[in-house]
Each structure stands twice: as structure tokens, then as C-alpha cells.
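First comes the structure, then the notes that go with it.
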Amino acid sequence: MTLAAAHADTGDTAWLLAATALVLLMTPGLALFYGGMVRTKSVLNMLMMSFVSIALVTVVWLLAGYSLAFGDDAGGGLIGGLRHAGMADLGPDSVRGSVPTLLFAAFQLTFAIVTAALVSGAIADRAKFGAWLVFVPVWTLLVYVPVAHWVWGPGGWIVHELGALDFAGGLPVEITSGASGLALCLVLGPRLGFKKDAMRPHNLPMVMLGAGLLWFGWFGFNAGSALGADGLAAAAFLNTLAAGCTGLLGWLFVEQKRDGHPTTLGAASGAVAGLVAVTPSCGSVSLLGALVVGLAAGAVCSYAVSWKFKLNYDDSLDVVGVHLVGGVVGTLLIGVFAEKAMTGQAEGLFYGGGLAQLGRQLVAVAVVAAYAFGVTYGLGKLIDVTTGFRASEEQEHAGLDLTVHAETAYDHGVLGHGAPVGPSLLSSAQKVKHQP
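Residues in the sequence shown are numbered from 63 upward in steps of one, following my numbering.
Structure below.
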């Protein structure tokens with residue numbers, strides 16, 4: 063990811079244009095995945111939290127985020143400068159590597175968008191929409207942008223000083239979203255009825271459709287990170303497919319052994335867990351390594367999603383159990399299965415590289431998780447004590463769709479098969495229509 067070529071390569075540019083569109087599609091896919099997992103009374107709110115992230119992150123990224131993440135290092139490998147704020151000095155002839163700089167910026171923007179949207183799953187059913195509108199742009203600048211610079215930016219300390227590897231975003235995307243989701247879980251507290259009421263997904267076909275769109279977009283996410291139409295992109299593409307498959311199978315195996323039946327939710331979650339884990343490693347491991355990474359993530363994450371009941375944090379849609387844990391698994395296993403044929407230099411423990419690379423990966427995971435958790439917790443608390451972050455009990459009971467957006471996804475889901483709207487629900491919607 064350095065400025066090099068004087069002219070853009072048309073093949074690389076065509077591939078990255080397609081990859082950028084694929085990654086952008088992941089956020090609507092995530093909206094469907096999350097929307098199917100919540101109850102009927104908060105479906106639209108869940109969709110909105112993803113879709114509004116597209117708009118908020120785009121504006122922030124173009125104004126300052128890209129420059130701070132990928133501009134020349136401003137010192138210490140911690141953050142870039144503001145030379146390209148507002149995309150200044152980046153015309154159509156500007157090239158980064160073998161692709162137009164504006165396209166590279168758009169590609170990286172789609173990563174930032176889906177990362178912010180991922181966090182919303184941890185606080186589903188109980189967050190104020192207005193608070194989310196404040197949280198997303200500030201969080202993007204304070205958490206995502208610095209970590210992206212550490213990992214991918216010119217002079218970023220994680221790659222250039224520490225020597226840790228992350229091909230497509232295990233640290234900036236998966237671990238930051240998972241650690242941030244955990245922080246917000248603790249700030250907002252559990253949903254009403256947590257561990258008492260059944261909070262099952264209301265539409266499993268929607269969940270499966272969302273997972274399929276995520277998987278489709280993930281090829282752009284991982285193979286696109288090669289920034290070229292070449293053999294590395296092909297290897298990352300195949301590794302992505304392989305890990306998604308073994309992640310799905312690993313989760314189902316655990317479900318069958320533990321619960322006696324494989325589920326559609328487990329299949330969707332397992333595929334996503336495998337894809338999460340292979341994100342950092344798809345450009346560092348062989349096909350065998352990718353198969354093992356996906357299998358390990360599917361099995362481990364299937365257990366990790368139940369930790370919230372033991373530790374009493376309400377991670378509504380398993381952002382912590384899948385994205386944080388899966389991201390940690392995939393990032394650490396680079397230190398075990400990295401191959402010189404893929405990395406060009408670093409080798410993992412399994413191939414005789416010793417413990418050095420594993421140690422680097424561990425330091426990177428610990429620092430990024432601690433940073434994302436700490437900053438997000440502080441930001442969440444600040445929003446909570448100033449404007450309030452959690453919806454009222456009345457809103458939560460009635461559902462955020464009706465009380466915040468004055469809409470319902472399914473009439474029968476809230477009104478009861480054509481029954482007239484009750485005055486209490488109408489008054490709730492009217493009270494908060496102008497106060498999300």
C-alpha cells in the first residue's frame with residue numbers, strides 16, 4: 063500500500079472497482095443478517111443502523127478519515143496528517159500502487175463503513191437512534207482511523223515496527239468492532255428480559271440471505287486487498303471460500319455434538335466466523351492453513367457466543383462471540399500457519415518459524431483490543447451522560463420501529479393480524495417521532 067507506479071494498471075483498476083462494489087454490498091447484507099436476528103418490533107431500526115452508517119462514515123472519511131488513516135505519517139506511526147483532508151491533491155491522475163488513488167480511497171472507505179455497522183449488533187433493541195448518529199462519526203475518527211493507520215498506513219507501527227501481519231482487516235475491522243461492541247454492551251446494560259425472555263431470531267431466511275450476501279461481498283473484501291488482479295488475489299479468494307466452508311462445518315459439528323441438532327442460524331454464524339478469521343490471514347497462509355483457520359474459528363466461536371450468559375453482558379447479536387473471538391483466532395493463527403511462499407518472508411510456528419511471529423501477532427491483538435475497548439467505553443459513557451445512549455423502557459417494550467421510526471416491518475408483528483393500533487402505541491410513536 064505505497065505510492066509507486068506512475069500509471070494505473072487497467073486490469074488492477076477494473077478488479078478493484080468490482081471489489082469496492084462487493085465490499086459496499088456487505089453493509090446491506092449485514093443489515094439483513096442483523097435484521098433477521100432481532101425480534102419483529104426492531105427490524106427496521108436494525109436495518110437503519112447499518113444503512114445510516116454508510117452515509118455517516120462516507121462523509122467523515124472524505125473530509126478527514128482517509129487523510130488521517132492513509133496520509134503520510136505525522137509521527138510515531140500513530141496517525142497520518144491532514145494533507146489530503148477533503149481529498150485535496152487527489153485528482154483522477156493520482157495513483158497509489160497500480161490503481162487510482164481515488165479508487166483506493168473508496169475501497170478503504172467501504173471497510174470503514176462495514177466496521178461501524180458491525181458494532182450495532184452488540185446493542186440491538188435498546189440504543190437511541192440519535193445517539194447512534196453521534197457515535198458513528200466520532201468512533202470512526204477516534205478508533206477505526208488510527209488503527210487502520212497502524213496496520214496499513216505509511217509508517218504504521220504495527221506493520222513497520224512490530225512486524226505483525228494483517229492482510230485484510232482482522233485488527234482494524236474484526237477486533238475493533240468486537241471490542242467496541244463489548245464496551246457498548248457494558249455502557250448500555252442488558253436488554254429488558256435478558257436471560258429470562260426468549261429473544262429468538264424472527265426471520266431465519268433473512269439471516270441466511272444476509273449471510274450469503276456477506277460471503278459474496280467478502281471475496282471483494284479479502285481478494286480485493288491484494289490491490290491487483292494477480293496470483294495473490296486468487297489465493298486470497300480461494301482461502302476465503304475454503305475458510306467460510308470449514309467455519310460453517312465446524313460450527314455445525316459443535317451444535318450437533320452439544321445440542322443434538324444443526325441449525326440454520328448456526329450455519330450462517332459458522333460461515334461468518336470462518337470468514338472473519340481468514341480475513342487477516344488469507345494473504346499469509348496456504349489453502350491448508352485457511353481450512354484449519356476456518357474450522358478453528360467455527361468451533362471456538364460456537365462456544366464463545368454463550369459466554370455472554372455466563373459473564374452477564376448482553377451482546378445482542380454475537381458481535382463479541384463471532385467478530386472479536388474470530389478476529390483473535392485468525393490473527394493469532396498467522397503466527398502458526400504463515401508461509402514464506404505467501405508472505406515473502408515471515409513464517410509461522412508450523413513451518414519452522416518459531417514463536418517470534420506468534421508473539422508479534424499477540425502484541426498487536428492485545429493493543430488493538432485494549433485501545434478500541436477503552437476509547438469506545440469512554441465515548442459511550444460521554445454520550446450516555448450527556449444525551450443518553452439507551453432508549454427508554456417504554457420504547458424498548460413497544461419496539462424501536464414504531465416508537466422511533468413510526469413504522470413497522472410487519473403489521474402482524476406489532477398490531478396482531480390486522481388489529482387496530484392501540485392508543486398507547488400511537489402515543490409512544492408520536493412522543494418520540496421528533497426525538498430519536
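The beta-carbon is built from N, C-alpha and C at its ideal position, and this holds for glycine as well. From a predicted model like this one, the values you see are computed outputs, not experimental measurements.
Close-in-space but distant-in-sequence residues of the same chain around residue i (CB under 8 angstroms, 5 per side omitted)
i    : result
G133 : G142, G143, L144, R145, H146, G215 and P216
V269 : L94, F95, G98, M99, P263, T326, L327 and A330
T72  : none
F229 : N284, S287, A298, T341, P342, S343, C344, G345 and S346
Residues near residue i in its chain [Cβ-Cβ closer than 7 angstroms; skip 5 each side]
i    : result
L411 : G397, V398, L417 and L420
G137 : none
L250 : I185, R188, A189, F451 and R452
V334 : A273, L276 and V384
L271 : L94
A366 : G383 and V387
S378 : G183, A184, I185, A186, D187 and R253
V122 : P199, T202 and L203
Start and end residues, alpha helix (DSSP H) containing residue i
i    : result
C247 : T238 to L250
E223 : Unbroken run through E223: none, as it is neither H nor E.
E535 : A query on residue 535 cannot be resolved here, the shown segment of the chain reaching from 63 to 498 and no further.
S129 : Y128 to F132
W194 : F191 to W201
A335 : T326 to S343
I185 : Where I185 is concerned, there is no enclosing alpha helix (DSSP H), given that its DSSP letter is neither H nor E.
W277 : L266 to A285
S112 : V105 to V122
N301 : G293 to D321
L373 : W369 to L373
T102 : Per DSSP, T102 belongs to no alpha helix (DSSP H) and is neither H nor E.
Y365 : L349 to A366
F451 : Per DSSP, F451 belongs to no alpha helix (DSSP H) and is neither H nor E.
F399 : V387 to F399
K402 : K402 to T405
P234 : Neither: P234 is in no alpha helix (DSSP H) and is coded neither H nor E.
Other residues of its chain near residue i: CB distance less than 6 angstroms, five sequence neighbours each side excluded
i    : result
T177 : Y206, V235 and S239
D74  : S160, V161, G290 and A291
G306 : W277, A333, G336 and L337
A285 : A295, A298 and F299
G309 : G332, A333, A335, G336, G356, A359 and G360
P324 : L314, E317 and Q318
L246 : A184, I185 and G442
S364 : W313 and V316
L86  : T172
A179 : T89, L92, S112 and S115
G475 : With a pLDDT of 45 at G475, under the threshold of 50, the modelled position of that residue is not reliable, and no figure is offered here.
P252 : D376
E458 : R188 and L254
W219 : G139 and W212
G282 : A81, L84 and V85
Residue burial classification, residue i (beta-carbon count within 10 angstroms, cutoff 16)
i    : result
L516 : In the structure as shown, the chain starts at 63 and stops at 498, and residue 516 therefore has no counterpart that could be examined.
Y96  : buried
L349 : exposed
P267 : exposed
S368 : exposed
H222 : exposed
H467 : buried
H69  : exposed
K372 : exposed
K103 : buried
T172 : buried
D376 : buried
K370 : buried
E469 : exposed
R158 : buried
D321 : exposed
N374 : exposed
V447 : exposed
D259 : exposed
T449 : exposed
For residue j and residue i, believed in contact at Cβ under 8 angstroms, the rounded distance
i    : j    : result
G389 : G232 : 5 angstroms
A288 : G345 : 7 angstroms
I91  : G392 : The question names Ile, but residue 91 is Gly in the sequence shown. Not quite, the Cβ-Cβ distance comes to about 20 angstroms (not below 8 angstroms), so this is no contact.
V209 : Y433 : 7 angstroms
V427 : L394 : 6 angstroms
A403 : I237 : No, A403 and I237 are not in contact; Cβ-Cβ is about 26 angstroms, not under 8 angstroms.
T82  : F169 : 5 angstroms
L353 : A304 : 5 angstroms
Cβ contact check for the segment 67-82 and the segment 238-249: 3 or more pairs under 8 angstroms | With a cut-off of 8 angstroms, the segment 238-249 and the segment 67-82 do not count as touching, because too few Cβ pairs lie within range.
(message) Measuring CB atoms only, is the segment 420-434 touching the segment 351-365, in the sense that at least three cross pairs come out at less than 8 angstroms?
(response) The count of Cβ pairs closer than 8 angstroms, one atom from the segment 420-434 and one from the segment 351-365, stays below three, leaving the stretches out of contact.
For the 8 angstroms Cβ check, are there 3 or more pairs between the segment 162-169 and the segment 100-119?
The segment 162-169 is not in contact with the segment 100-119.
So, do the segment 146-160 and the segment 194-208 have three or more beta carbon pairs nearer to each other than 8 angstroms?
In short, these stretches do not touch, since the Cβ pair count stays below three.
Q. Taking contact to mean at least 3 C-beta pairs separated by less than 8 angstroms, is the segment 123-132 in contact with the segment 211-230?
A. These segments touch.
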